[in-house]
Each structure stands twice: as C-alpha cells, then as structure tokens.
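Asker: Taken in order, these protein sequences are the chains called A and B.
FYI, UniProt numbering numbers position 133 of the first sequence as 133, with every residue one higher than the one before it.
FYI, UniProt numbering numbers position 193 of the second sequence as 193, with every residue one higher than the one before it.
Quick reminder that beta carbons are idealized off the backbone N, C-alpha and C, glycines included.
2 protein chains.
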Amino acid sequence: MTLQHDPRQNHLLAALSRDEYQCLAPHLEWAELKLGDSLVESGKVMHHVYFPTDSIVSLLCVMEDGDSTEIAVVGAEGIVGISLFMGGETTPSRAIVQSAGSAYRLRGQLLKDEFDRSSTLQHLLLRYTQALITQMAQTAVCNRHHSLDQQLCRWLLLSLDRLPTNELVMTQELIANMLGVRREGVTESAGKLQRAGLISYHRGHIRILDRPGLEARVCECYAVVKKEYDRLLSYHRPG
Amino acid sequence: MTLQHDPRQNHLLAALSRDEYQCLAPHLEWAELKLGDSLVESGKVMHHVYFPTDSIVSLLCVMEDGDSTEIAVVGAEGIVGISLFMGGETTPSRAIVQSAGSAYRLRGQLLKDEFDRSSTLQHLLLRYTQALITQMAQTAVCNRHHSLDQQLCRWLLLSLDRLPTNELVMTQELIANMLGVRREGVTESAGKLQRAGLISYHRGHIRILDRPGLEARVCECYAVVKKEYDRLLSYHRPG
DNA sequence: CATACTGTGTACGCTAGCGCACGGAAGCGA
DNA sequence: TCGCTTCCGTGCGCTAGCGTACACAGTATG
C-alpha cells in the first residue's frame, strides 16, 4: 500500500483505533472514481459503502422531470452509503462523483457487522451522520432564502474544503445541476466572481484566486455547516 | 394510565417489545405541548427526547436575520431530539410545537443507555432517522423546484397525516414561517384552495374538505416522503 | 483542414414571489 | 360598548431567476 493511496487519508478510517482499523483494512478495496460515476442509485440496493480519500461525491435528489438538487457533499471527511448502517438499505437519492479521485470501498455486510460490534465505529459514524443532517438542513434553508451568488460561493467553498488543490474540474452546466438552477444563471454569477478577481475559469476548470474574498460573499450557511462538522468530527487521530 | 394518554400511541414506543417497553415505561413522563412551545433550541443541550402522541412538532432552521424554514415535521410516528442518540448532543436547528397535544418525554441519558443496550431500539431509531433524512432532502428539493401552491398542499397533507382530525389550528402567518415564505403568499395560495373547495379556513382554523383534491395538486415530494416512511417504519406492533 | 461538439456569453420577455402599505373584519378584554 | 389586537385580503412596483434562442470560441474528430 503506497502512501499515495492510503485508506487513512479518509478521516473516518483515520479516526479508528489501530485494532479496529486492522479489522477492516484487509477488506478495504481501492476504487477509482471518475467524474460522473454513480455510486448510489435511487431505490437500488447498495453493496458497498465508499470512503473517499481525495475525491468528492455529491448526494443528489432527482425528481421525475429530471430536475435535481444537491442535498449534501461528501469528501475525505465522510462516507457514502449511510443507509446501509442506518438500516434502510436503499435511499431515494443518488450519489454522483463530483470530483474524480480515489476512494476505498467496503462490502456493506462487513460494515454492518462491524457497526454492530464496535461501539466506537458506531459512534463515529452516527456523529458523522448528524453532521450530514446539518448540511442537508442548511442546504434546504439556503435554497429558500439566499441568492444564487451566495449559493455559488457556498458551493465553491464546500468543494474547496474537500480538495487538495485550489482548482476544481467542473463545468457550469454541472454546477447548475448541483444547485438546481439554470446553466445561464451560473454563467452570470460565476462571471461576477471572475470580474471581481475571486476566481478564474476556463472550459471546465475553475481556479480559486481569493478564498477570503469568497468567504466575504458567502451566506452564513457555509459557516454553520463548517462549524458543525468541526464540532462533531474533531476526534484525535489514534495511532 | 388512561387510554386517552397512552404512550404507545407513539408508533416508536408501540413498536417496542413488551420487555423493552417495560424498561422505559416507568421513566416516561407525560407532557402537554402547547402551540409554539420550543422543545429544542439551537445549540442548547437537550435533557429530554419527546415522543409525540397526538401533537405535531416542526423542526426549523432559523437564520441570523430571523428567516426560517421548516426542514421536517414529527408526529406520533417519530421522536424529537435525535441528536441525543446520534451523539452530537445539540443541533443548530429548533423544534417548535406546530399542533398542540400530548407527548411523552424521557431523560436523554436514559434513552442513550437503552440505545446502546438494546439493538432493537437502536435499529428502530436509526430507521426512523433515515426516514427523517429523506423528508429533509425532499424538502430541500421541493423548496427549489416547486411552486408555493404545491408546497402548501404538501405541508397540509403532511400535517393531516399526523392529526386525528381534519382540522388544524394554524394561522397563515405561522404556515408562512414554516414554508419560509411571505404571509401574503400563503393567503393567496390558501385562497385558491378555498375557492376550489378543497379547504375552508377562518381565523386560524383550517378544515380539509377534499383530501383527494389536495393529493391531485401536490407535487411528487409528498408521495416520495410518505412511501419512504411506510417502507422504513412498517413494523408490526408486538404485544 | 473541415467538421462537429462542448463550454461559455448574452439578450429578451416572462412569472413567481418579495417588500411594502393599507384596509377591513373577527374576536377579546376592560 | 369601546378599543385593541389578531388575522386575513388586496394592490402595486420590483427583482431574481426562468425559458428560450442564438452566437462564438476552444477542443476534439474525422
């Protein structure tokens, strides 16, 4: 196992004790996630959970007419497939790779067994789930009350927090799908940010130039979510 | 304990086995919930969880400027205070009584102990939490894509499902707070429903006259949520 | 080098919902 | 009975975002 591909780049796996990690490690399977890959389909039984390391996965709620909205985003701090240990087996939402990279996956049954056996793992995952719930709630209120400009800033910052670089590979069309708005709306808002010197983008590549500038424009929702993630997931890395 | 006030009117308590229920029963404390009571305040440590019997509680996300949005609603099918067993202790959202009635409350520590001890209770609560997550996700997408008319229908139906009667005590002002819209907007949408003969209302009392009519107007979000609740919470009542 | 496609810019009319302001009617309390 | 508050109706101008249409520049493909 190279350093480049270390499962413990995922914060949840990193938070496990040596013993607990050794239990799971042999079953962790490296997976390359490509942009647009679907990890979870609405109503389909999942066979694996995914622990992203340097990839980002979006949880989307898709409606009959194809309109969609991102309800949460998962990076190295989290896990994709919570319904496996929550007991529902399936969910009505989808999980799409938003930023290509790596993840480690684990057969659902193995995770469930360990979830029931180890109260440490259980508490860890439940705290993470609560953070996810906060993100979803804040997304709902943000959708309702804030301008597209602010939501775009929030989205960029949430993505940035989950990336090793300050460049994200993402077309305006895709961002529009995530935010549940028109592509033209994203063009306009992104144009404002570019003219303000906060970002620069070119054909699917967005570079963040002035992060503090984005933070000055974003609505409170970003801070609320970040604070709650920090509060709930600030465990120490054991050996 | 009279039949009128039976804790097992709450579906979660009703789903427990006789033994498990007997464990908790001595500690269940009857509570009268009045319209507008706050059960959970943002960031405050909660000392109790609440099992509504014939009351309805709204989970709200409130922002700095006072604007709010309901992210989920809890009735006899659920429990208020999931962050106690999820491990976070607090949440950034509020829980407000939306329809007066009864609930049974339990000290948080007792629930936590039992949650860790009994895997049945644990699975029950986690499945419920997953249903709640679905409701929140669907609320987010509904906020984004559907008209106020449709959202009002969804809200009425979700409330109706949790009420023994077809009349709800609720001003348009309060509904506006829940949906995160203007009061005037609710007046207009409710007026349409009234003119169509689906509901009738008068100074804070709304009576539903034609439920199928509402179901014909509501967006798909209502059905998605209801189906998921049925799927996840359709346990048999043990003795 | 021609062609097609993908990603972005722009414009224009349209509508839902907002903010505000006001009026009126029902109920409640002194 | 009077006065006050709560609740609902209505109107008006405004704006953000929608739907649509089209232009154009990179990029890939033949």
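#1: Could you work out which residue in B/GLU20, B/VAL74, B/HIS145 is closest to B/LEU163 when comparing CA atoms only?
#2: With a cut-off of 8 Å, do at least 3 Cβ pairs link the stretch 94-114 of chain A to the stretch 26-41 of chain A?
#3: So, does the CB of B/MET1 fall closer than 7 Å to a CB anywhere in chain A?
#4: Pull up the DSSP beta-bridge partners for A/SER68, would you.
#5: In chain order, what residues of the same chain have a beta carbon less than 6 Å from the beta carbon of B/ILE82, not counting five sequence neighbours either side?
#6: Compute the beta-carbon to beta-carbon distance between residue 252 of chain A and A/VAL181, rounded to the nearest angstrom, for a pair I have assumed lies under 8 Å.
#7: Which of the three DSSP states is assigned to B/ARG94 in this structure?
#8: Does the stretch 138-149 of chain B come within contact of the stretch 212-228 of chain B, defined as at least 3 CB pairs closer than 8 Å?
#9: Where B/GLU77 and B/VAL49 are concerned, what is the direct C-alpha to C-alpha distance, given to the nearest angstrom?
#10: Of the choices B/ALA15, B/ASP113, B/GLN9, whose alpha-carbon is the least far from that of B/LEU232?
#11: Closest by CA to B/ALA72, which one among A/ASP6, A/GLU184, A/MET136, A/ALA190?
#12: With 16 other CB atoms within 10 Å as the buried threshold, where does A/SER17 fall?
#13: Whole angstroms are fine: how far does the CA of A/LEU110 sit from the CA of A/ALA140?
#14: Within the continuous beta strand (DSSP E) that includes A/GLU32, where are the two ends?
#15: Kindly list the residues whose CB is nearer than 6 Å to the CB of A/THR69, restricted to its own chain and excluding five residues on each side of it in sequence; keep chain order.
#16: Alpha helix (DSSP H) containing A/GLY108: first to last residue?
#17: Going along the stretch 137-148 of chain A in order, which residues come within less than 7 Å of chain B, judged by CB to CB distance?
#18: Taking the CB atoms as reference points, tell me whether B/LEU160 and B/ILE208 lie closer together than 7 Å.
#19: Just the Cα atoms here: how many angstroms apart are A/THR2 and A/GLN9?
#20: Any Cβ of chain A within less than 7 Å of the Cβ of B/GLU114?
#21: Which term fits A/GLU228, buried or exposed, when burial requires 16 or more other beta carbons within 10 angstroms of its beta carbon?
#22: Looking only at C-alpha atoms, which of B/GLY197, B/LEU132, B/LYS112 sits nearest to B/PRO212?
#23: Is the CB of B/ASP67 under 7 Å away from at least one CB in chain A?
#24: Determine which residues of the UniProt domain "HTH crp-type" (146-212) of chain A have a Cβ less than 7 Å from any Cβ of chain B, and write them out in chain order.
#25: For A/GLY75, which of helix, strand or coil comes out of DSSP?
#26: Between B/ARG127 and chain A, is there a C-beta pair that is closer than 7 Å?
#27: Among the residues of its own chain, which have a CB less than 8 Å from the CB of A/GLN22, if the five just before and after it don't count?
#28: Could you check whether the Cβ of A/LEU232 sits closer than 7 Å to any Cβ belonging to chain B?
#29: Let me know the alpha helix (DSSP H) ranges lying completely inside the stretch 183-220 of chain B, each 4 residues or longer, listed in chain order.
#30: Against chain A, with Cβ distances strictly below 7 Å, would B/GLN130 count as a contact?
#31: Whose C-beta lies closer than 6 Å to the C-beta of B/ARG154 among residues of the same chain, with five residues either side of it excluded?
#32: How would you write the range of the alpha helix (DSSP H) that A/HIS11 sits in, first residue to last?
#33: Please tell me whether B/MET46 has its Cβ less than 7 Å away from any Cβ of chain A.
#34: According to DSSP, simplified to helix, strand and coil, what is residue 275 of chain A?
#35: Considering only DSSP beta bridges, list what A/ARG105 is partnered with.
#36: With distances taken from CA atoms, which of A/VAL225, A/PHE85, A/SER38, A/THR53 is nearest A/ILE133?
Answerer: The relevant details are as follows:
#1: In the second sequence, residue 163 of chain B corresponds to position 163, counting from 1. It is B/VAL74.
#2: yes
#3: As a first step, residue 1 of chain B is located in the second sequence; it is residue number 1 there, counting from the start. Low confidence applies here, because B/MET1 scores a pLDDT of 44, under 50, leaving its location unreliable; read the following figure in that light. Chain A, which has no Cβ nearer than 7 Å to the Cβ of B/MET1, makes this no.
#4: The residue you call residue 68 of chain A lines up with position 68 of the first sequence. Looking at the DSSP assignment, A/SER68 forms a beta bridge with A/VAL62.
#5: Position 82 of the second sequence, counted from the first residue, corresponds to residue 82 of chain B. THR129, listed in sequence order.
#6: No information on residue 252 of chain A is available, as it lies outside the stretch 1 to 239 that chain A covers here.
#7: What you label residue 94 of chain B is simply residue 94 of the second sequence in a count that begins at 1. Residue state, collapsed to three classes: strand.
#8: yes
#9: Numbered from its first residue, the second sequence carries residue 77 of chain B at position 77. Numbered from its first residue, the second sequence carries residue 49 of chain B at position 49. About 14 Å.
#10: Your numbering for residue 232 of chain B matches position 232 in the second sequence. Taking only the C-alpha atoms, the option nearest B/LEU232 is B/ALA15.
#11: Along the second sequence, read from residue 1 onward, the residue named residue 72 of chain B stands at position 72. The residue with the shortest Cα to Cα distance from B/ALA72 is A/MET136.
#12: Here residue 17 of chain A corresponds to residue number 17 of the first sequence, with the count starting at 1. Its Cβ having fewer than 16 others within 10 Å, A/SER17 is exposed.
#13: Counted from its first residue, the first sequence places residue 140 of chain A at position 140. Counted from its first residue, the first sequence places residue 110 of chain A at position 110. Answer to the nearest angstrom: the Cα atoms are 33 Å apart.
#14: As a working note, residue 32 of chain A is residue 32 in the first sequence. Taken as a continuous stretch (DSSP letters only), the beta strand (DSSP E) holding A/GLU32 covers 29-33.
#15: Numbered from its first residue, the first sequence carries residue 69 of chain A at position 69. Taken in chain order, the residues that qualify are CYS61, GLY180.
#16: In the first sequence, residue 108 of chain A corresponds to position 108, counting from 1. Taken as a continuous stretch (DSSP letters only), the alpha helix (DSSP H) holding A/GLY108 covers 108-117.
#17: ALA137, GLN138, THR139, ALA140, VAL141, ASN143, ARG144, HIS145
#18: If you number the second sequence from 1, residue 160 of chain B lands on position 160. If you number the second sequence from 1, residue 208 of chain B lands on position 208. In this structure, B/ILE208 lies closer than 7 Å to B/LEU160 by Cβ.
#19: Numbered from its first residue, the first sequence carries residue 2 of chain A at position 2. Numbered from its first residue, the first sequence carries residue 9 of chain A at position 9. With a pLDDT of only 45 at A/THR2, under the threshold of 50, the placement of this residue in the model should not be trusted, and no figure is reported.
#20: Within the second sequence, residue 114 of chain B is the residue found at index 114, counting from 1. No, because no Cβ of chain A sits closer than 7 Å to the Cβ of B/GLU114.
#21: The sequence position of residue 228 of chain A within the first sequence is 228, counting from 1. Looking at its Cβ environment, which holds 16 or more other Cβ atoms inside 10 Å, A/GLU228 is buried.
#22: To locate residue 212 of chain B, count along the second sequence from 1; it is residue 212. The shortest Cα separation from B/PRO212 among B/GLY197, B/LEU132, B/LYS112 belongs to B/GLY197.
#23: Locating residue 67 of chain B in the second sequence gives position 67, counting from the first residue. Answer yes: the Cβ-Cβ gap between B/ASP67 and chain A drops below 7 Å somewhere.
#24: GLY180
#25: Here residue 75 of chain A is taken as the residue at index 75 of the first sequence, counted from 1. A/GLY75: coil per DSSP, three-state reduction.
#26: Within the second sequence, numbered from 1, the residue matching residue 127 of chain B stands at position 127. Yes, contact with chain A.
#27: Against the first sequence, residue 22 of chain A aligns to sequence position 22. Same-chain partners within the cutoff: there are none.
#28: Along the first sequence, read from residue 1 onward, the residue named residue 232 of chain A stands at position 232. Answer yes: the Cβ-Cβ gap between A/LEU232 and chain B drops below 7 Å somewhere.
#29: 183-195, 211-217
#30: Position 130 of the second sequence, counted from the first residue, corresponds to residue 130 of chain B. So, interface residue.
#31: Here residue 154 of chain B refers to the residue found at position 154 when the second sequence is read from its first residue. Excluding positions up to five away in sequence, the list reads VAL218, CYS221, TYR222.
#32: One-based indexing of the first sequence puts residue 11 of chain A at position 11. 11-14 is the extent of the alpha helix (DSSP H) around A/HIS11.
#33: On the second sequence, residue 46 of chain B is found 46 positions in, with the first residue counted as 1. Chain A contact via Cβ: absent.
#34: The question about residue 275 of chain A has no answer, for chain A in this structure spans 1 to 239.
#35: By 1-based counting over the first sequence, the position of residue 105 of chain A is 105. Note: A/ARG105 sits in a beta bridge opposite A/GLU29, A/TYR50.
#36: Numbered from its first residue, the first sequence carries residue 133 of chain A at position 133. When each option's Cα is compared against that of A/ILE133, the closest is A/VAL225.
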